[in-house]
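Working notes, beginning with the structure itself.
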Ligand code: GLA
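Residue numbers (our numbering): 1 to 691.
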């Protein structure tokens, strides 16, 4: 690993407005068009654009021969128009001449096939040639534009891992061995960690170790897990390499790389620690009426990656994407409410891919702010209205989201439950569990932050842990301390199962969490596909699909849910234990959405937190605050009207009108209510249509 120099300083993005704009690709258009772009950008209220993300070949057409002229002119035009620049280091994809001169820098897939040029990101993250050239290009960009007055921040690479997040070439194998030697010291350490006596896998030389290419059968689980960790770290090294160059040449300019929401392949906690600001690209599926729920989870993660600091939505779509099988456009009004949702969740920007819709290439059917019909296009009319409306929300910039509930996001457990091939069931997946648990809290009216498995938890009343397959003592200790001090932890199934080397904890699950939860898992009890069992919960009957466990509970544990059918009938399913002044819950089953609501209502009640009585998954309320004023965003993600009950009166910043009591919003409606800061997090309940 590159030595990471701890840098506590966080540089501010140089922009004094909410950022509004998008990816800009002027090198796909004539200079005449640039002037029209600037005119229309001003009309639309654009304050920032991102470029030149994929332009390395246009900036260095031959090795060492640069053509800066066109970019100089574009940057000057933008600056003269008052538009800030999210300047890419242009290293998102290599020029063809680089790959042809060094074919060994290309990526390989798990079957050992080299991936061809002709798309983008045709590089192996571990390649020394690639790294050397990335550092060279980054330095050239920083030296040329580091003092440009329009520069707002550095945009490093682009969506690391979008196409190639893992590489199985021989260079990657060499790098993997170095990474393993760092982790385990010597070969005995590695053999011990990987449990090589199973299936005769003992290694007698480092050179015998390879990245896990396709093998005759299931691959060693620790090897698979380490490959996930290594691959995330290899990309992180690449990121750090650019950061180091930029810090040296432009020490005061903020750096970022744009994330891909809840992206499995890279541990964003590690990435976010290295950058100044979190930025995200978000593409909720327009065809999915509940895609805003997933978006809320993603945005909760984005604001939490740097401890609640505002982040930037750097890309979204003005209407349809072009990379899905079927690319459904967004209905009128949806762009606005989806964009305001990101701001509600802590984004200080609304940006799109891309400014002007392409006429050629892979993304010509991807919507843009300025559609093929130019200023007459619906997307332009809607984004222009939005850009101008955002000016009314300036005071929200820099404020932080208020939340009482956090969800543990842990990449190790995500990888463990998805990379490892031999598990009790492939139906229990970390990401699905996280989404289901988040959805329940969202539906009950809570904005949910993300938190690491070892905390810090003190800011919250309730911490939910949908799945922590890989758990250690430090995490268990942090949860215990939180509960003893009055916190409430809810742990999901198949948690505390293995340690960091994929070895089952002594005595089985929940391993280090046993003392806190007061239960033991005798056997995991996955259900056959299609089988749905039942459990009794507090007078209700709830469905149990896919997964259950045979658990034994200590005498001081309260059994809240009991299996009501199948082999496990009469046995505990959901437990609660009082510890100190808090409580520790264990949910040993997977649950359907209704059952999740029943259980989480109970959790919230016992934690002293409110829960919506009348629920509507489309009605979302999130509050940001600066400590003096609370800004409560009311959002209707559906087409039917919804009615929110305000706890305090205020002013709707979008309309300037006073707001009090019940606020009704029509389809895709939104309001942003400014009211004096309340001591406890404002809770917005809903009024049933017939109330
Ligand atoms: C990603 C990329 C962009 C573009 C968009 C299209 O977010 O960063 O370059 O391809 O997807 O949705």
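We put the CB at the ideal spot given by N, CA and C, even for glycine.
| query | result |
| --- | --- |
| Residue of 429, 447 and 470 minimising C-alpha distance to residue 413 | 470 |
| Integer Cβ distance of residue 643 from residue 664, believed to fall under 8 Å | 5 Å |
| Buried/exposed call for residue 171, threshold 16 Cβ in 10 Å | buried |
| From 169, 85, 645 and 345, residue whose alpha carbon lies closest to that of residue 211 | 169 |
| Cα-Cα separation between residue 141 and residue 425, rounded to whole angstroms | 49 Å |
| Simplified DSSP assignment, three categories, for residue 327 | coil |
| Contact test: residue 256 Cβ vs the ligand GLA heavy atom, cutoff 7 Å | no |
| Identity of the residues DSSP links to residue 370 by a beta bridge | 356 |
| As assigned by DSSP and simplified to three states, the class of residue 438 | helix |
| Per-residue DSSP class, three states only, for residue 135 | helix |
| Heavy atom of the ligand GLA within 7 Å of residue 155 beta-carbon | no |
| Status (buried if at least 16 other CB within 10 Å, exposed otherwise) for residue 366 | buried |
| Boundaries (first-last residue) of the alpha helix (DSSP H) holding residue 24 | Looking at the DSSP string, residue 24 is not in any alpha helix (DSSP H), and its letter there is neither H nor E. |
| Span separating the alpha-carbon of residue 553 from that of residue 218 | 34 Å |
| Residue 283: CB within 7 Å of a non-hydrogen atom of the ligand GLA | yes |
| Touch test, the stretch 538 to 551 against the stretch 442 to 458, Cβ-Cβ under 8 Å, three pairs minimum | no |
| Distance, residue 232 Cα to residue 265 Cα | 7 Å |
| Distance cut-off 7 Å: residue 89 Cβ against heavy atoms of the ligand GLA | no |
| Euclidean distance between Cα positions of residue 27 and residue 364 | 15 Å |
| Nearest-angstrom Cβ-Cβ length linking residue 676 and residue 629, presumed shorter than 8 Å | 7 Å |
| At least 3 beta-carbon pairs within less than 8 Å: the stretch 578 to 593 vs the stretch 435 to 446 | yes |
| Local conformation of residue 563 per DSSP, three classes | strand |
| Nearest-angstrom Cα separation, counted from residue 420 out to residue 522 | 22 Å |
| At least 3 beta-carbon pairs within less than 8 Å: the stretch 307 to 316 vs the stretch 634 to 653 | no |
| Residue 478: first and last residue of the uninterrupted alpha helix (DSSP H) it sits in | 473 to 484 |
| Stretch-stretch touch, CB-based, cutoff 8 Å, three pairs: the stretch 501 to 510 with the stretch 477 to 484 | no |
| Beta-carbon gap between residue 86 and residue 355 smaller than 8 Å | no |
| Simplified DSSP state of residue 685, which is helix, strand or coil | strand |
| N-terminal and C-terminal residue of the alpha helix (DSSP H) that residue 240 is part of | 221 to 249 |
| Residue 575 Cβ short of 7 Å to the ligand GLA heavy atom set | no |
| Beta bridge counterpart(s) of residue 511 as assigned by DSSP | Residue 511 pairs with nothing; no bridge assigned. |
| CB contact flag (residue 657, residue 649, <8 Å) | no |
| Burial state of residue 764, where buried means 16 or more other Cβ atoms lie within 10 Å | With the chain represented from 1 up to 691, any question about residue 764 goes unanswered, as that position is not in the structure. |
| Backbone secondary structure at residue 598 - three-state DSSP | helix |
| heavy atom of the ligand GLA below 7 Å from residue 111 C-beta | no |
| Check whether residue 602 and residue 686 have beta carbons under 8 Å apart | no |
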